[in-house]
Every structure is written in C-alpha cells, then in structure tokens.
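Numbering (our numbering), first residue to last: 6 to 123.
To keep things clear, I will list the structure first and then write my remarks on it.
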C-alpha cells in the first residue's frame with residue numbers, strides 16, 4: 006500500500022490512498038496525520054480513495070478515529086471517490102454525508118483553501 010500525504014495551505018491535508026489499506030498501513034498513516042492533528046495545524050482532511058482497491062475495518066477505523074480527534078477543534082472530514090462497495094459501507098456506518106461528489110480542487114475551494122501546484 007502506498008499513500009501520499011499532502012498539506013495544503015490553510016490547514017487542509019489531502020491523503021491519497023492507493024492499493025490496499027490494512028492494519029499495518031493504517032498505523033503508518035495514523036502516526037503521520039496524528040502529529041499534525043495534535044499540533045492543531047489541521048482544520049480539514051480530504052481522504053481521496055480513487056486509487057484504493059481494498060479497505061478493511063482498520064481503514065474505516067482510521068477515518069473514524071481522525072474524525073473523533075477533530076471534534077474538539079470542529080475540523081472537517083471529506084471522503085472522495087470511494088468505490089461503490091466502500092460508499093455503501095460509509096453509508097451504513099453513518100458517514101454517507103462525508104462522501105462528496107467533487108474533485109480535490111473543488112473540495113479545497115469549498116473548504117476555503119488553495120491548492121498549489123498539485
């Protein structure tokens with residue numbers, strides 16, 4: 006599993022997940038993103054799942070956990086491009102409203118940020 010973590014101006018992070026998201030991969034991503042969350046430098050996370058083929062319960066736990074960490078700061082979470090199966094899982098998990106039918110650029114603009122050179 007490869008992933009890409011980008012930080013955009015104005016406290017927005019984009020996490021582009023690729024391949025398979027399992028327990029081992031979630032730990033690596035959790036460690037990377039948690040540092041920024043706990044420093045208070047993030048106000049939104051965009052999870053781009055366009056290139057993700059598989060996600061187990063650890064992946065859903067990763068996203069839910071970061072959402073929970075955001076509660077004290079009113080941070081926003083957006084999920085982009087889940088597969089049809091993942092979309093159903095998010096809907097059944099009560100996360101359907103976090104799945105946006107937008108591009109990264111549109112999402113950043115809606116969140117009030119600027120994407121530079123990506």
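Glycine included, C-beta positions come from ideal geometry on N, C-alpha and C.
In this text the structure is predicted, and so the values were computed from the model without any measurement.
- 82 is the residue among 88, 114 and 82 whose C-alpha sits nearest the C-alpha of residue 102.
- Residue pairing by DSSP places residue 14 in no beta bridge whatsoever.
- Between the segment 95–112 and the segment 66–85 there are three or more C-beta pairs closer than 8 Å, enough to call the two in contact.
- According to the DSSP secondary-structure assignment, residue 25 is paired through a beta bridge with 59.
- Counting along the chain, residue 100 sits inside no alpha helix (DSSP H), nor does DSSP assign it H or E at all.
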